[in-house]
Each structure stands twice: as structure tokens, then as C-alpha cells.
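Protein chains in written order, with this note's numbering: chain A, 758 to 1120; chain B, 758 to 1120; chain C, 758 to 1120.
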Amino acid sequence: MHAHTERPYLMNTWYVAALSTEVGEEAFFHRTLLDTPVLIYRRQDGTPVALHDRCPHRFAPLHMGWREGDDVVCLYHALRFDCAGQCTHNPHGNRHIPKAAQVASYPLVERDGFLWIWMGDQAADYDAVPDYGELVSGHPNSVGYTYMPVQGNYELIMDNVMDLSHIDHVHGEIITTRGQLTPLIPKVEDTEAFVSARWEWRQTPAMLIFNQFLPEPEGEARHFFHITWTPPANIQLSVGATQDENAALDLDGCTGQYDLHTTTPETVDSTHYFFATRRNHREEDGEYNTQKIQAMHGAFEQEDVPIIEAVHQRMGTADFFELDPVLMSNDVAPVKVRKRLESLIRRERDREDKGGGQAGRVA
Amino acid sequence: MHAHTERPYLMNTWYVAALSTEVGEEAFFHRTLLDTPVLIYRRQDGTPVALHDRCPHRFAPLHMGWREGDDVVCLYHALRFDCAGQCTHNPHGNRHIPKAAQVASYPLVERDGFLWIWMGDQAADYDAVPDYGELVSGHPNSVGYTYMPVQGNYELIMDNVMDLSHIDHVHGEIITTRGQLTPLIPKVEDTEAFVSARWEWRQTPAMLIFNQFLPEPEGEARHFFHITWTPPANIQLSVGATQDENAALDLDGCTGQYDLHTTTPETVDSTHYFFATRRNHREEDGEYNTQKIQAMHGAFEQEDVPIIEAVHQRMGTADFFELDPVLMSNDVAPVKVRKRLESLIRRERDREDKGGGQAGRVA
Amino acid sequence: MHAHTERPYLMNTWYVAALSTEVGEEAFFHRTLLDTPVLIYRRQDGTPVALHDRCPHRFAPLHMGWREGDDVVCLYHALRFDCAGQCTHNPHGNRHIPKAAQVASYPLVERDGFLWIWMGDQAADYDAVPDYGELVSGHPNSVGYTYMPVQGNYELIMDNVMDLSHIDHVHGEIITTRGQLTPLIPKVEDTEAFVSARWEWRQTPAMLIFNQFLPEPEGEARHFFHITWTPPANIQLSVGATQDENAALDLDGCTGQYDLHTTTPETVDSTHYFFATRRNHREEDGEYNTQKIQAMHGAFEQEDVPIIEAVHQRMGTADFFELDPVLMSNDVAPVKVRKRLESLIRRERDREDKGGGQAGRVA
């Protein structure tokens, strides 16, 4: 547990609980999110639901049980609960259902290939479910999703993505900027709603993930990266290249892709890392799509994750800022994200202390 | 360590240290009991003895050493101790035996196939060694014993046995009551000396462990369960079936079996689970006896233990009652057991605080 | 963490970081020493250097990076550091090198086959690097080195060596004294600079590691052991045998060997155990030399280490003296070592409390 934080997560917000594809039609899915074990499954109409994965009677994990229609039956003593967590059947004795026989249920919304969960104690703000419709705006074969468990704190993953200066050092040939990115000072924007960073540069040849789609594969191309963090842990990333000097440096003007990196703490020491990517070229090629998401997954898993996990080990239980990190121009964006998140968590906690109720169910 | 308890065990009482068969004639046996490492072995006359499994000199485990007659010699520096823990030989220097060269020894009684140990600081009450002579009152082939290590708190195992309503949900065909048990409200007795619960019902056919021994295997039969807990952690269970309407619902009147479930904490997070069963039918069939104890062992290990261990994980370090369990009619007996045990532990601690000495050796 | 110690190590002193042979010409070597991860490598001229194995920017382990000449480049963002830990290149933005971009470097001296490291905050005392030149004073084939990781506290290893009375009980035939050592009370010297112990005895035949080199292999021989501890954790041991009644009981007069046992805490619960031995007979036989160091390594690893690790487990987090060990004449030397070390650690801490600066970098 990181020493400096009483509760280290923003609670009243949406996190990704799972990829849509992780939760099948029938089977129970379960995962620990923000220290809390969660059962996820789909009703017969396909709507996903999330319950605290612990029976309120004798605390057996509900995912060990079975389904009856849309209800869940606990393996241990066969108490049955509906999708809202209300006990609907007690087979014991006079079959009276105690008022307290209620499992916590969590608002869950399926959108853009993700299941978004709200685990705070305040009423879920359904207007605030993130909209990453951009991911699903093209041909179905143009978008891929993947998931990685990481043995490290989620903020280290955000640090990694918010400072793209690492890519020439950590990653291999296919996404190298050939040293062009590192000397740049990104343009950082820091508003109430987001923190963004932007890089623009020229390189020859273009990034190898794009150059084959450009008129002159071996020629120079203009490139851009644009990343935008929104709380608690969502980072949109656009990247593209063009050889048209008049084209805009955005996904309309460039051959490029739109990515989402989003993380959900499992505990303070482990993280669920979700990633999705949509490209604006060779959109219909399903085989290329499969190769592409596998390549991205491989790069993260083999190149970023080992570093992130080693950093987590080296930091031990210390807070990042207490360790007096040496900060440079490439750290502006990730540091702003850390500060903003810290401030949001503090504000949430202060509100609770003033009588706003106890946020953050304890598992 | 469970948060609510300073010392979570009743100390001045008898626990099972091992099955008789676990401790051979010559070899050392060792096991951690109530957080304390214990060495157990048999004197040349077969009498079992128990010593703290730690040399008082430099703290080597005595079980790493060797025997000299009935004495134990420490591997590290060859100090020798007798069965009472007294140092009988120091080979070093002037061979003086320091007064403090004494290993704690624990009263140990072999009875009914078990080795019973007393680990409290008060004088052992030999009159209080439990008498489960019922187990060994029949043909030798009518009784079986088994042992299971469980990664969970011992009280969760008592909860499991004290509330038999789980058997139709957790267990397979051979001991199902076909749903007849669950709606019953057991008759619970709660006296100074024990907590018991009793169920009676009819089912068709009888439990499959019994029906083949009844006149009409596919016909209806009357059944009973009778369980009796005595402190700290012993549960006797009788179960039987009969098709004679005039027969008593007990082991004289029924085809049935007498079982003992008893647990000894290894730590607050792990338990030694001992089980014995004697049946009153096909008593001489050794092969059937072997199959029977293996089947019982398999049912516990594959069906109960995974749930108990999962519940232990879900409860974390929290106290059972602090988690506000939803309690129902089937929980009356296990809750009375928990409350009674809590009260006995508190009473023992209060007595010590008033000057009765320090119970519970620290390992 | 042992309960009684705020900081359980003497810091301003030299410890062995590695055997010379463990650190190759090119490759990075890394090891945790006194709770601190350390990177060790050799400059192009062969001189070894030691740095804190953690980049001051985002805390990646430097050993994951690569070399540029004598400098180290961090894998994550390519910051480059020289052998003194000074950042020499920042490829980011305006390439400004922040003043704080500095890795802790540790004084490291290669001597007698070991790399000695100084991890305290006071200036390294180069005059105090231990001199074990005796090890390398003979033919290269007369000396051997080995390393063992031990899952136990380093003081338990010193206890083991300082009290040789264990060897007749723990070790096999080749170094037995045939019971002659155990009844002896060693002559112990305790000065400001060291604690030593000495045993002299006769046995028939001589120790089997020596008897083949004596005139009458099966005859009686006089023997000696002489061990000398110096802080923090170095124990020199001489042992020999002679059949010449006029010969001195030392390595000039006897067939024997000079050993060094030295330990460096990895953590309070684990230790790096280094051992070297030089013999004064059959000095040029390389094959015998290999067999000899393998046999010594085997004896420690298979006979001492399992006991030390078991003792560590049995002691748990308790302090040795708080457990009220029964102490005997054979414990005089190891107890003096423990007390002396405790006093040196306390003195170092007191000095710091009085304003002498904070010793013991926190990793």
C-alpha cells in the first residue's frame, strides 16, 4: 500500500471493468477492481451486470455458484440474487428473506467495446460515461482491443503513455521516430477537463507502421502525436504521418490511428491495462487487423510492462514525489496528470469528510 | 491475523495434534499447532510425547536431530533432552547443564485413534480428554480416519459442519437429501457443555450411502442428523436412515454412521482438519471401509474445502461479525458455537489478566 | 524485519559486494546489498564501479540499460551517467542536465579476489579496506572462492562460524574432530579490534582433509583452529594438523588452510555468504583445488545452511537475546561478536543523532 494515500483511487467515476469480449453470453466473469472482487455476467438479453462477488450470508464468492435465468445462486447455501443484488430466494427454514440479504451492485455500461463500471457511493453519473465512439466509427476490421495484467501501480502506466519520449529507447524499429521525438518539447495543454500533449516532427522514412501506405515509402514524412488524458485513467492517442505538405496533421490529413489506453487499478500494486486501436487505412483487412493488435500487445507486454513492473519494485511503497524524482521537459504532461489526479482524489475525500457519505465500498 | 482478537485460540483445552497413524514407531513427526512448532514422537514403549520443536540453545528445530533411546538430540550442537524436555546431556566444555536448558513439553494423550495435546499454561486436565470411544467400539474395519490441511480459519470449518443445510448445494449425489433438509429448522440445544442441532426428514430413495443396506433400496426412508459441538473444536455427527416406522431415529434404530470432525488451528489462517467415521453396517468389510473413507475425504477436499478457502480469502483479515453477515434460521447453531467460543476465550484471557499467569506460550 | 533494530546494519564500513569473478568485463552485474539495489560493472580499464541501481528520473533499474564506454544509459529514457553517478547526457528537450540528475555511487575496491563496497554516508576510509592478502600469497591453484545465498540473517552465519563446536555434529567424516573439539573450552580474546577463539587438540587419525599429507596418515596428530572476527562480518579461520611434536600450532608449523568467511546482508532476512580458502599443501594441483572448493561449498550448502535457515524461521522476527537463549561455554565467542556489533551499530546511530548526518541511504 502506498504510504501517502489513505484511499488511493478516485471512486466516483467510470473505470473499464472488462472488454466486451471478455464477458460471454452465459459464463460468469470475475475480477478484482479497486480492491473489490466483482462478478460480471450478461442477462439473457445481453445486458451486462456487476455485483459484489461475495455472498452477504457467509461470504462465498458468487462466481463459484450458478445462474438461474438472470439470477445468481450462491454455491454454498443456494441464496439467489437478482441483477440488482436483491435476494429473491432463500430456501432455508421458513424461506423468509432477511432485509439485509442484498449484494452491492455496480452501475455498468457497455459502450464502444468496453464495460464501464461505477464503484463510488455517489449516484452514478450516466452522462459522464466516456465516449470513445471514434473507435467503432469505421469498418469492424479496423479496430482491435487487448488486455494486459500489470504487476505495478496504474499511475506508472499513465506516466509511460503521457511521456512518449521513451519510444525511441524502449521500442523496436516499427514505431521508432529515429530520434526525432526526444529533443522536442511537447506542447502541453492543461484544462479543467483534460491534460494533453502534442508533438510534431519530420522523419525519413516514416514510421514503419505507416510508411507502406504513403506515396513514397522511403521518403520523408511529417508526423504528429496527440495524447489527451481525462480522469481517472483514460488516455486517447492519435498518431499519423503524411507526405502531403498541405495536409492537416490530424487523422483527417494523415495515415494514422486512434488509440485508447485505459487502466483500472486491481490493487495499488497491480493494474488492469486495456488498449484499443482503430486505423484509418486498410480498414477492411481482417488478417492485417489481427496482426496489428497482436504486434501492439507484444510491444507493450515485452517492452513497456517489464520496465513498469521493475520501476514499481524499485519504488517499493514510497510515493512518487517523496522519492524526489529528477523531472525534465518530457515530464511536464505526466506530472500534470499525477497532480490533477491527486487533487481530484483529495477533493473527493474532503467532500466525504464533510458529511457527504462514505465513498469507496470496502470489500 | 484476525483483527479483533488479541489471542484467537482457547489455550487450556485439548486439541488433536495428529492421528495415531501419523506418528510412526521411530521417526520424528512435527507440525505447527496454535502458532507453535511441535515435535511429536513415540517412546520405545510406544507412548507418544510432544515437545516444543525448538532447541532452547540456538533455536534449531529439534525434528532435524536424532533419537538416543527416548531422548532427542539436537542436530546443531548435540544437546540432549528427555521426554519431559529436560536437558540430559551437554557435551560442551565442562558439560555443565544450565538450569534453563529445558524445552517446553506438552501433555499428550493417545485415545480413540487421536493424539490429544494440551498447550495452555495451566495444568492439563486429564479428566477432560474427550472420549470418542464410540469410534472404536465396533469391528476394526468399521472405522476410518483422515486428515486434511486447510488454508482457512478453523471457525469456518466449524460453521460448515454446524450448518448442514449446505449439503444439498455443495455435495454430490451420494449424500443428498434431495432438498428435504434445507427447508427444515433444526432443533438446536445450547447448554453450558455443548451446542447441538438435529434434523429429521423423509426422502425417497434414502441417502445413497445407506439405501443399499435398507429392505427397499428405492423406497422412502426416515432420516436424522444429530450434531454436537463441544469446545474448542470437536463436532460429533450421527446420521442414519430406516424404513421401519417403529425404529428410533438414532444409531440403534437406523443404518447409519457416527462421525467426528475436529480441527486444530495451525495459525489463524490455516487449519489441521481431522475426520473419523464409524458405520454400523458391513462392519467387517475392509475394502468397503477403505473406499468409504476415501470417498468422504474426497467430498470434503473437493467440495467443502475450496469454498471454505475462498470464503477465508473473501473475508480477509476481518472478523466474521464485523462483516455484518446476513444470518438465517440455518445459522442458529454455528452462531451459537462462535459466540460460545468467543466467550470462553474472553473468560480465559480475563482470568490471566487477573494474575492467573500467562496462557499461550509464544513460539 | 527484526523487531529490536531501527537500522540493523553497521553502515560506515566495508562489505563484500561480489567475488571478483562474478563481475565480467562487459556485462552489468546487480545485487541488493543492505536493502539497497546496486549495479556493479567494470570500466574499460577493468576498474569496478558501483552505482545505486535506480535511475533518479523515473526509478528504472539501471542494469536493464546498456553501456556507452564507461557510462551507463538508462533503458527507459536514455539518460546517461558516468561512473561517479553524474548525468552526462540528457537527450530530451533542450538537453539541459538537471543538477539533481545524479545517481548515488559507492566506493568500491577490488582486493584479494573480492569487491569491497562502502555504503555508509561518511567518507569511505580507504585505509580500512580489509587485507586478506594471505589468500593470494601462494600458488594460484592453492586458493578457491565461492558464494552462497542464504535465506537467513547474517548474524546467524557468524554464530555458526564463531562456535566451531557444531562441526562434529553437523558435518560429515572429512572434517570431524572425532569428538575432541566439543569438550574443549576455547581460548577467547576480545579486544577493541577483534574477537578471536582458539582450540587445540589431538586426534587419531588426523582430520581427513589433512591426514593424507602427514607422515603417518593413520597416526595421532596435534591440531588447532584459530578464528578471528573483525567488524562487520569477516571471520578468518586457520586450521591445521602436525605430527611433529616440536612444530608450532600455526600455518607455518602445520599442514593446514587459511579461510575467510564473510557475509553481507541482502536484507535482514537474507544474506550473501562469501567464502575463500587457501591451503599450504599440494598448492599447484588445479584439479585438487577445484575438488576442494566444491567440497567446502557442498558442506556449507548441504549441512550448515539448512540449519541456519531453519533457525531463522524458528526465530521469526524476534531478537536473539529477547528469546532468552541458553548459553554455554561454546557460546562465548559468538555472543561477544553479537554484543560488539550491537554496540558498534548503536554508537554509529548515536553519532548520527547528534548531527553527524544520516547514514544509510534508503533505496
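Don't be surprised by glycine CBs; every beta carbon is placed ideally from N, CA and C.
Fair warning: this is a prediction, and the values are worked out from it, not measured in the lab.
Rounded Cβ spacing between residue i and residue j (contact assumed at less than 8 Å)
i        : j        : result
V907(B)  : T1019(B) : Actually they do not touch by this definition, with Cβ atoms about 13 Å apart.
A775(C)  : F785(C)  : Not quite, the Cβ-Cβ distance comes to about 12 Å (not below 8 Å), so this is no contact.
Q859(A)  : G826(A)  : That belief does not hold up - the Cβ atoms of Q859(A) and G826(A) are roughly 19 Å apart, past 8 Å.
H1038(C) : T1012(C) : 5 Å
L1006(A) : R1035(A) : Not quite, the Cβ-Cβ distance comes to about 18 Å (not below 8 Å), so this is no contact.
T1074(A) : P848(C)  : With a Cβ gap of about 31 Å, T1074(A) and P848(C) do not count as contacting.
L921(B)  : L1017(B) : That belief does not hold up - the Cβ atoms of L921(B) and L1017(B) are roughly 15 Å apart, past 8 Å.
N898(A)  : N1046(A) : 5 Å
G909(B)  : V1068(B) : 7 Å
I902(C)  : T778(C)  : First, the residue type needs correcting, since residue 902(C) is Tyr and not Ile in the sequence shown. Indeed they touch by this definition, with Cβ atoms about 7 Å apart.
L832(B)  : C844(B)  : In fact, because the Cβ distance is near 15 Å, the residues do not count as touching under 8 Å.
L767(B)  : E1105(B) : 6 Å
C-beta atoms of residue i and residue j nearer than 8 Å
i        : j        : result
V926(A)  : H834(C)  : Per the sequence shown, residue 926(A) should be read as His rather than Val. Against a cut-off of 8 Å, the Cβ pair of H834(C) and H926(A) comes out as a contact.
F838(A)  : L872(A)  : no
W956(A)  : L941(A)  : yes
G842(B)  : A861(B)  : yes
L1098(C) : P988(C)  : yes
P765(C)  : V1025(C) : yes
I984(B)  : A954(B)  : yes
F816(A)  : M1072(B) : yes
M919(A)  : V1062(A) : no
A1090(C) : V996(C)  : no
V830(A)  : D810(A)  : no
M1053(A) : F1032(A) : yes
P864(B)  : A881(B)  : yes
A885(C)  : W958(C)  : no
V753(A)  : Y883(A)  : Residue 753(A) is absent from the model: chain A starts at 758 and stops at 1120.
N991(A)  : P887(A)  : yes
H896(B)  : E1060(B) : no
V773(C)  : R799(C)  : no
Identity of the residue in the options nearest residue i by Cα
i        : options                              : result
L791(C)  : W875(C), D828(C), V866(C)            : W875(C)
G936(C)  : M964(C), V773(C), Y902(C), D828(C)   : M964(C)
D700(B)  : E1079(A), V886(A), H814(A)           : Residue coverage of chain B in this structure runs from 758 to 1120, which leaves residue 700(B) outside it and unanswerable.
D1081(C) : R868(B), A857(B), D1001(B)           : A857(B)
D947(B)  : P962(B), E783(B), T934(B), K1096(B)  : K1096(B)
L994(C)  : A1004(C), D1001(C), F982(C)          : F982(C)
Q1014(B) : I966(B), P974(B), S1086(B)           : I966(B)
F1129(B) : S1086(B), I924(B), T793(B), G895(B)  : Not covered by the structure: residue 1129(B). The range shown for chain B is 758 to 1120.
I932(A)  : T961(A), E783(A), E1040(A)           : T961(A)
I1065(B) : T804(A), V806(A), P818(A)            : P818(A)
N1183(A) : M1085(C), E930(C), I1050(C), H853(C) : Shown here, chain A extends from 758 to 1120; a query on residue 1183(A) therefore has no answer.
Extent of the continuous beta strand (DSSP E) to which residue i belongs
i       : result
I914(C) : Where I914(C) is concerned, there is no enclosing beta strand (DSSP E), although the alpha helix (DSSP H) it sits in stretches over 911-919.
S777(A) : Premise fails: S777(A) is in no beta strand (DSSP E) and is neither H nor E.
H926(A) : Counting along the chain, H926(A) falls outside any beta strand (DSSP E), though it belongs to the alpha helix (DSSP H) covering 924-927.
Y766(A) : Here Y766(A) belongs to no beta strand (DSSP E), and DSSP marks it neither H nor E.
K944(C) : 944-947
R788(B) : 786-790
E867(C) : 865-868
R935(A) : From DSSP, R935(A) is part of no beta strand (DSSP E); its letter is neither H nor E.
C812(C) : Looking at the DSSP string, C812(C) is not in any beta strand (DSSP E), and its letter there is neither H nor E.
Range of the contiguous alpha helix (DSSP H) that encloses residue i
i        : result
E1002(A) : Element bounds for E1002(A): n/a, residue is neither H nor E.
A1090(A) : 1089-1108
CB contact check: residue i to chain D, cutoff 8 Å
i       : result
I931(B) : The chain inventory of the structure shown lacks chain D, comprising the protein chains A, B and C.
Quiz item: What are the uninterrupted segments assigned as beta strand (DSSP E) that are 3 or more residues long and contained completely in the stretch 1018-1064 of chain C, given in chain order?
Solution: 1027-1036
Quiz item: At what residue ranges does the stretch 823-900 of chain A contain a whole run of the beta strand (DSSP E), taking only runs of 3 or more?
Solution: 823-825, 828-830, 844-846, 865-868, 871-875
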